[in-house]
Amino acid sequence: MSKTIVITGASAGIGMVLAKQLAARGDALMLAARSADVLRQVARSCGREAYYYATDVTRRQDVNRLRDEALRTFGNVDVWINNAGRGITRNVLELTDEDLDEMMAVNVKSALYGMQAILPHFKERGEGHLINVSSFLGRIPFASFRSAYSASKSALNSLTANLRMDLRAEYPNIHVSLVMPGAVSTGFAVNSLHAPADSGPVPMAQTPEEVVAAMIELIDHPQAEIYTNPDVQLEQVKRYYGGVGEFEENMRR
Ligand code: NJP
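All the letters of the sequence shown, read from the start, carry residue numbers 248 to 500 under my numbering.
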């Protein structure tokens, strides 16, 4: 059965591919990002059941308006996907206050605004699916040049788990999911704060289509957490730490 779905960060990368694939199977979409012109093009390419609303997810008011627009358009929202996000290319000792604030605003507060905007509606209906797009780096922080990004995604992982805990008993039909991709071949690296001009292709990257396939499976069969590329991700832990056990061991040193 077709669903009504809100996707942030839908003007590019994973969000754009997700929008196109969900539209192709008949879902009704409300797409959000800052670039209204690009978003309009994406919505147009998705067909008649795709709408858009220019949104800066670092502004709570924008996110609330996005929710209002989705409810006005569809009457209800089945799935809300906090996908917008941004990286950083800086090691810990180089970080400024502004760097950390930007990572927290775009990767954590943005998703918090989304969660707080849509949950009252989900509670009223007694059902709904909230999906937060995080990162494998939020679980295993092995890329030190992404330091504050990894930290922000770790914070997002915690908020997501805590929201799930709060809802579990009283609202068993509200699902709260976390998606943890590894590297994905989108504009993410180039768009990262302080990205070097020569940000080249990332080794062992998935295509956004591969990530989206995992996300669509998640929409159809909700679960708490998914890694989009588990075999490669395990391989990376082995490469950097020797294995999961060794990673835990390393944390104790
Ligand atoms: O990134 P990119 P991805 N308000 O740069 C939007 C996570 N992830 O698709 O506003 C509203 O191609 C931006 O639109 P615009 C990652 O952390 C990725 O790869 O018009 N929207 C665009 O649509 C993120 O959570 C990798 O500039 C804002 C989109 O976000 C998600 O996957 C690995 C915004 C970014 O498109 C999608 O990233 C990983 C704002 N303030 C996790 N700021 C990876 N690609 O390697 C940005 O583990 N956007």
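We put the CB at the ideal spot given by N, CA and C, even for glycine.
query                                                                                                                                                         : result
Hey, would you say the C-beta of Gly-260 is under 7 Å away from at least one heavy atom of the ligand NJP?                                                    : yes
At a threshold of 7 Å, does Ser-382 count as lining the ligand NJP (C-beta to nearest heavy atom)?                                                            : yes
From Arg-306 to Tyr-360, what distance separates their C-alpha atoms?                                                                                         : 8 Å
Run the CB neighbour count on Pro-367, radius 10 Å, all protein chains shown included, and call it buried at 16 or more, exposed below.                       : exposed
Quick one: grab the DSSP three-state call for Ala-283.                                                                                                        : helix
Could you tell me the distance, in whole angstroms, from the CA atom of Glu-504 to the CA atom of Gly-490?                                                    : Missing from the structure shown is residue 504; the chain here goes from 248 to 500 and no further.
Which word fits Lys-356, buried or exposed, when buried means at least 16 other C-beta atoms lie within 10 angstroms of its C-beta?                           : buried
Check each candidate in Ala-283, Val-324, Ile-473 and name the one with the smallest Cα separation from Gly-256.                                              : Ala-283
Can you check which of these residues, Asn-379, Glu-457, Lys-370, Arg-386, is closest to Leu-417 by C-alpha distance?                                         : The question names Leu, yet the displayed sequence has Glu at residue 417. Selected option, being the one with the closest Cα: Lys-370.
Just the Cα atoms here: how many angstroms apart are Gln-480 and Leu-414?                                                                                     : 29 Å
Compare the Cα-Cα distances from Ala-352 to each of Asp-274, Glu-457, Ser-399, Leu-276 and report the closest residue.                                        : Ser-399
So, using beta-carbon positions, are Asn-438 and Thr-407 closer together than 8 Å?                                                                            : no
Do Ser-394 and Leu-342 have their beta-carbon atoms positioned less than 8 Å apart in this structure?                                                         : yes
Give me the DSSP bridge partner(s) of His-468.                                                                                                                : Paired residue(s): none; His-468 is not in a bridge.
Could you tell me which of Gln-268, Ile-387, Gly-322, Val-326 sits nearest to Gly-294, measuring between CA atoms?                                            : Gln-268
So, using beta-carbon positions, are Val-484 and Ile-387 closer together than 8 Å?                                                                            : yes
Closer than 7 Å by C-beta to Phe-435: which residues in its own chain qualify, once you throw out the five before and the five after it? Chain order, please. : Gly-260, Gly-334
Of the choices Glu-495, Gly-273, Ala-317, Ser-249, whose alpha-carbon is the least far from that of Ala-510?                                                  : What the structure shows of the chain is the stretch from 248 to 500, and residue 510 is not part of that stretch, so it cannot be assessed.
Considering only the alpha carbon of each residue, which of Arg-281, Leu-340, Asp-325, Ala-461 lies closest to Arg-372?                                       : Asp-325
Is Ile-254 closer than 8 Å to Ala-266 when the C-beta atoms are compared?                                                                                     : yes
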